[in-house]
Amino acid sequence: MPDQKKEIWIHRISHHYNVAKPLLDEQGYLTIGYADLNDPRSDFLKRNLFKDFSSFNAFIKTTKHYNASRFSLHRFLALFKTGDLIVVPDLEAFSIYEVVEGSKTIRGCTITPFKTLQEQEVTIGKADRNLYTHDGTKMIDLGFAVKVKPVSIVGLNGRTKDCVDLPVSDFADELLASALKIKSINGDITHLTKSIENALRIYKN
Numbered sequence: 024m025p026d027q028k029k030e031i032w033i034h035r036i037s038h039h040y041n042v043a044k045p046l047l048d049e050q051g052y053l054t055i056g057y058a059d060l061n062d063p064r065s066d067f068l069k070r071n072l073f074k075d076f077s078s079f080n081a082f083i084k085t086t087k088h089y090n091a092s093r094f095s096l097h098r099f100l101a102l103f104k105t106g107d108l109i110v111v112p113d114l115e116a117f118s119i120y121e122v123v124e125g126s127k128t129i130r131g132c133t134i135t136p137f138k139t140l141q142e143q144e145v146t147i148g149k150a151d152r153n154l155y156t157h158d159g160t161k162m163i164d165l166g167f168a169v170k171v172k173p174v175s176i177v178g179l180n181g182r183t184k185d186c187v188d189l190p191v192s193d194f195a196d197e198l199l200a201s202a203l204k205i206k207s208i209n210g211d212i213t214h215l216t217k218s219i220e221n222a223l224r225i226y227k228n
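Residues are numbered in the numbering used here as their position in the sequence shown, beginning at 1, plus a constant of 23.
Right, here's the structure in full:
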């Protein structure tokens, strides 16, 4: 069951689903966009301006990203921490993950080449370690990631199973089902701890 000291977040795959979904499923990286902000030489990263919201906000004002989604980016970079749970909605299902490592740039992740949902190759830039289309000509706008693993439980039959692709109709109560329709990229749903516990309890059975 969720640790009361840990936060529970919801985060939907908002950027390049056909790339981000297999990257999550196969290599355990949950992503967000903003690849233009992930240069390790920038003051934004060198000075950790994303840690404090006022500094983050002042910096974002100088970019094209000064809009409502900046709050989601700040949560992703500064607030998602090791041990937290993240609920990821996907069509009529959802998955529950635990954060293994906090946010880092895509450049700093150990990602190996993989294929999109359409079976197109995704390559890793040799110079900048960003993600590119199969021919290496177009950078994919996935700038940051957190390393996650599926929450696993031991069922009544003694078998361990991962909490992935749980049908909303079977495992989400009314409050959680409503939260899964989130319009923003992410949000804090720690107040729905009982709903998550209930989903895990049903899945265990």
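Glycine included, C-beta positions come from ideal geometry on N, C-alpha and C.
When the distance is taken between beta carbons, is residue j closer than 8 Å to residue i?
{"i": "SER126", "j": "LEU100", "result": "yes"}
{"i": "GLN50", "j": "ILE134", "result": "yes"}
{"i": "PHE117", "j": "ALA195", "result": "yes"}
{"i": "ILE219", "j": "ILE33", "result": "no"}
{"i": "ARG70", "j": "ILE83", "result": "no"}
{"i": "SER77", "j": "ASN209", "result": "no"}
{"i": "LEU179", "j": "ASN228", "result": "yes"}
Restricting to Cα atoms, I'd like to know which of the options is closest to residue i.
{"i": "ALA222", "options": "PRO45, THR213, LEU199 and LYS87", "result": "LEU199"}
{"i": "THR146", "options": "LYS28, SER37, THR216 and LEU46", "result": "LEU46"}
{"i": "ILE104", "options": "ASN228, LYS87 and LYS28", "result": "One point to set straight first is that residue 104 is Lys, not Ile, in the sequence displayed. Checking every option, the nearest Cα to that of LYS104 belongs to LYS28."}
{"i": "ARG152", "options": "HIS38, ASN41 and PRO63", "result": "PRO63"}
Around the Cβ of residue i, are there at least 16 other Cβ atoms within 10 angstroms (buried) or fewer (exposed)?
{"i": "ARG35", "result": "buried"}
{"i": "VAL177", "result": "exposed"}
{"i": "TYR40", "result": "exposed"}
Starting from the C-beta of residue i, find all residues in its chain whose C-beta is less than 8 Å away, skip the five residues before and the five after it, and write them out in chain order.
{"i": "LYS172", "result": "GLY51, TYR120, GLU121 and VAL123"}
{"i": "ILE225", "result": "ASP193 and PHE194"}
{"i": "LEU189", "result": "ALA116, PHE117, SER118, ILE119, ALA195, ALA222 and TYR226"}
Once the 5 residues before and after residue i are set aside, which same chain residues still bring their CB inside 7 Å of it?
{"i": "PHE73", "result": "PHE67, PHE79, HIS97, LEU100 and ALA101"}
{"i": "GLU144", "result": "PRO136, LYS138 and HIS157"}
{"i": "VAL191", "result": "GLU115, ALA116, PHE117, ALA200 and LEU203"}
For residue i, I'd like the list of residues in its chain whose CB is within less than 6 Å of its CB, leaving aside the five on either flank, ordered along the chain.
{"i": "VAL174", "result": "ILE119, GLU121 and CYS186"}
{"i": "THR54", "result": "ALA43, LEU165 and ALA168"}
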